[in-house]
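Presented below is the structure to which this report refers.
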Amino acid sequence: MTTVDGRHRLDREAERIAYKPPEARHDKQGDMSTDERVEHAMHHFVKNFNTQTASYLDGCVHCGMCADACHYHVRTDDPRYTPIWKIELFKRAYKREVGPFAFFYRLFGFKKKITIDQLEEWQHLLYDSCTVCGRCSLVCPMGIDIAGMVSMARHGMFKAGLIPHELHETAKRAAETGSPLGITPEKFEERLEWMADEHEVDIPLNIEKADVLAVMSSIEIQKYPESMAATAKILNAAGESWTFRSDGFEATNFGMLSGNTDWQKEASMKLINTAIKIGAKKLVLPECGHAYMAMRWMGANMYGKPLPFKVQHISEYIADALNEGRLKVKKVDKSVTFHDPCQVSRRGGATQAPRDILKHLGVDFREMPNGGDYNWCCGGGGGVVTIKRADELRHRVFKLKMDQVEATEAEELLSSCANCRQSFDDSQQHFGWDYTMGSLMEMVADNIEEQRS
Amino acid sequence: MDLLEFARGPALQTAAYILVAGTIWRIVGIVMLKEKADYSEPRGRGGFFAALKVIWTRAFTAEPFKKATMYPKMMAYVMHIGLFATIFLFTPHIVFFEGWMGFDWPGLPNSVIFFIGVATVISGVALLVRRMTSPVLKMISNFDDYFSWFVTMLPLITGLLIPVRVLFQYEDLLAIHILSVALLLIWLPFGKLGHAFLVFITRGTTGMVFERRGART
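So the protein lines, in turn, are chains U and P.
Using this note's numbering, read the first sequence as starting at 1 and increasing by one per residue.
Using this note's numbering, read the second sequence as starting at 1001 and increasing by one per residue.
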């Protein structure tokens, strides 16, 4: 999959890659008046204030260390990309409207009312230049989870109709058709059939009762269809009673990324209801970072009570199956480095699973410098990869990732997130980079050791 | 009532009441907000011990960030440790606390405290210079940052001037020092200095949420 060609060294400081800030473009949705937009933003900012956010917003000491952890600031030196500055309006809304001393802030005018111009300016900071990767949350000496608050601030921005068009359209399409890429159940079925033929693998679909419900992301269905075959090969080899379902197959959650909680809940409930309907004991999520966050850590909260089934990322499922001996793999004689998807590893806690898998594969595993939970983000998370106007900035920050990968001199580069993979593919094309991102799950599927019955 | 009596008596007492009332008000204001239940299946152990863990561990910088944050971190360590030592390990202060609480503890020699006090002021100045020159800090700083710096430095500087006895007599210098402490106590619960108690809530919350996920804290 990956070849490193040392003959073509990259000149990354050349003019063509030099960064210039994108032209200001403030997108608006709906036909609200300016005042209504501000009011909606404030109202929905305030709705998110609870003990956790309040302590975070009250606790910042303005040390600025989060800037040193943020790829956008590190690569541009633009102080606006300081993570805590990205939630400045959210913070201001808290202090002015809700905080313990809000009365005095309003009375003496210490915190001015937020204006439409500011909200428009912050659209770039809350969407184009934050992947919600959470690296800043690890450096904060006060332990403030800044990334979590960017997600919450997005709720207000969405309600005010102030989010980037591309992300809005993608999220809207997901809400209307069930898939951000417009994949209908029929198209899903067609592509499954194609993959089943192509790879000569049984792919159970719409089984009425099964222990495991497997789901996919549209990115995989559309762009990396082999993922569907790989999932099937693995679950079949593990002897699982499982199925895909055309009434609940989409794992991505653009409602969450865009800041629309209603759409987020709708997407989550579709999967939850399907899993309950078929009596699943486990919902296996695909190689997708934000899908993991949406279902593993937020799904039950959307449901309003504990889920009656377990939720696992496919890498966790594979690691368990290998560790328990239900799945066996052949040794792979290659050096491999692994890109941790932020939402699965750093923020999701499933960092060990891919390392267990790579150990079973017997590869020469090369951890990236400051890898694992401290990994640099691919730059495409948090919906950023969908925002066209953010491309230049995204490519700019990708240099950090390239340096991290190249330092390992590994033959193969793998990850377990189709969104990261998409972001890597795009940047690879942009830079003419030698490394091609591969899928960890596909490497497992390609090296399954047939068990004698 | 002369200035020193006023400073030692009503000024300090009032400041202490404001400190306590303001702190309670701020903490209650935060804690009373609604908190959503988390129904996700935990991977790790959250709860009280997770909070304690992160309250302790976040005092140290993770390896990947050490290089970039070395300078402000070192200065902040000097400042915080220096403030602790000058407040709680200076013998006259211990005598004051003993009169209030009824027990004492060993202090450091005055000359050592003087040296620590000077180092603390230097670190404070270094941090102020950084705040006023770094593009990031210039952008995110507000009145609270500068005023909090001022009220923190004032007791230190006035305290250091007492043995030097410049400009004023001992009693006046002592009175000014105590009044500056009163100002610090009054401001502490309202501005960023509230991090003295908020740090337990912010780090603790993150500990509970992310340890529960089994994620990096």
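Note that the Cβ used here is the ideal one computed from N, Cα and C, for glycine as well.
Item                                                                                                                                                                           : Value
Which residue wins for smallest C-alpha separation from U:T274, given the options U:D145, U:F309 and U:D27?                                                                    : U:F309
In whole angstroms, what separates the C-alpha of U:R355 from that of U:F338?                                                                                                  : 8 Å
What span of residues does the alpha helix (DSSP H) with U:H26 cover, start to end?                                                                                            : Careful: U:H26 lies outside any alpha helix (DSSP H) and carries neither H nor E.
Quick one: does P:G1194 have its CB under 8 Å from some CB of chain U?                                                                                                         : yes
With 8 Å set as the bound, which would you pick, yes or no: does the beta-carbon of P:M1132 sit closer than that to a beta-carbon of chain U?                                  : no
Sort U:D58, U:A41 and U:R25 by Cα distance to U:M32 and report the nearest one.                                                                                                : U:A41
I'd like the list of long-range same chain contacts for U:P122, defined as Cβ closer than 7 Å, with 5 residues on each side in sequence excluded.                              : Note on residue identity: the sequence assigns Trp, not Pro, to residue 122 of chain U. For U:W122, where only same-chain residues beyond five positions count, the Cβ hits under 7 Å are L89.
Run down chain U in chain order and give the residues with a C-beta less than 8 Å from the C-beta of P:M1139.                                                                  : P79, R80, T82 and W85
Per DSSP, what are the beta-bridge partners of U:D364 in this structure?                                                                                                       : U:S335
Do the region 1008-1018 of chain P and the region 1167-1187 of chain P touch if we need at least three Cβ pairs shorter than 8 Å?                                              : yes
Comparing the C-beta of P:L1184 with each C-beta of chain U, is any distance below 8 Å?                                                                                        : no
Would U:R465 and U:L126 be called neighbours here (beta carbons separated by less than 8 Å)?                                                                                   : Residue 465 of chain U cannot be examined here, being either before or after the span of chain U that is shown, 1 to 453.
For U:R16, collect the residues of the same chain with a Cβ closer than 6 Å to its Cβ; drop the 5 residues on either side in sequence, then sort them by chain order.          : Interpretation of U:R16 is limited by its pLDDT of 49, a score under 50 that renders its predicted location unreliable; the figure taken from the coordinates is listed afterwards. Taken in chain order, the list of residues that qualify is empty.
Looking at chain U, which residues of the region 1036-1050 of chain P have a Cβ within less than 9 Å of any of its Cβ atoms?                                                   : K1036, A1037, D1038, Y1039, S1040, E1041, R1043 and G1044
Looking only at its chain, what residues have a beta carbon closer than 7 Å to the beta carbon of U:V139, apart from the 5 residues adjacent to it on each side?               : M65, C66, D68 and A69
Count the other C-beta atoms from every protein chain shown that fall within 10 angstroms of the C-beta of U:R366, then say buried if there are 16 or more, exposed otherwise. : buried
Between which two residues does the beta strand (DSSP E) harbouring U:M295 extend?                                                                                             : It is not in any beta strand (DSSP E) - U:M295 carries neither H nor E in the DSSP assignment.
Could you give the distance in angstroms between the alpha-carbon of U:L461 and the alpha-carbon of U:T34?                                                                     : Residue 461 of chain U lies beyond the residue range present for chain U, which begins at 1 and ends at 453; the question has no answer from this structure.
For P:M1074, does the count of other Cβ atoms within 10 angstroms reach 16, so buried, or fall short, so exposed?                                                              : exposed
Can you pull the chain U neighbours of P:R1213, defined as C-beta to C-beta under 7 Å?                                                                                         : W297, G348 and G349
For U:R347, I'd like the list of residues in its chain whose CB is within less than 6 Å of its CB, leaving aside the five on either flank, ordered along the chain.            : G134
Quick one: grab the DSSP three-state call for U:V444.                                                                                                                          : helix
Considering only residues of the same chain and omitting the five flanking positions on each side of U:R96, which have a CB-CB separation below 7 Å?                           : A102, Y105, R106 and K111
Is U:D340 close to chain P? Criterion is C-beta to C-beta, closer than 8 Å.                                                                                                    : no
Specify, as a first and last residue, the run of the beta strand (DSSP E) that U:A214 falls within.                                                                            : V212 to A214
Check for me: the alpha helix (DSSP H) holding P:V1028 runs from which residue to which?                                                                                       : L1012 to V1031
Within 10 Å of its beta-carbon, does P:R1213 have 16 or more other beta-carbons around it, so buried, or fewer, so exposed?                                                    : buried
Which same chain residues, not among the five before or five after U:Y374, have their C-beta less than 6 Å away from its C-beta?                                               : none
Around the Cβ of U:D419, are there at least 16 other Cβ atoms within 10 angstroms (buried) or fewer (exposed)?                                                                 : The sequence as given places Asn at residue 419 of chain U; Asp does not occur at that position. Per the 10 Å Cβ criterion, buried.
Can you pull the DSSP bridge partners for P:F1090?                                                                                                                             : P:L1108
For P:R1045, count neighbouring Cβ atoms within 10 angstroms of its own Cβ and tell me buried if that reaches 16, exposed if not.                                              : exposed
Answer yes or no: do U:G255 and U:V215 have a C-beta to C-beta separation smaller than 8 Å?                                                                                    : no
Thinking C-beta only, is U:L361 closer than 8 Å to U:V405?                                                                                                                     : no
Using the rule of at least 16 other Cβ atoms within 10 Å of the residue's Cβ for burial, across every protein chain shown, is P:V1164 buried or exposed?                       : exposed
By the three-class DSSP mapping on this structure, what secondary structure does U:L205 have?                                                                                  : strand
So which residues on chain P does U:P204 lean against when the C-beta distance must stay under 7 Å?                                                                            : Neighbours of U:P204 on chain P: none; closest Cβ ~26 Å, over 7 Å.
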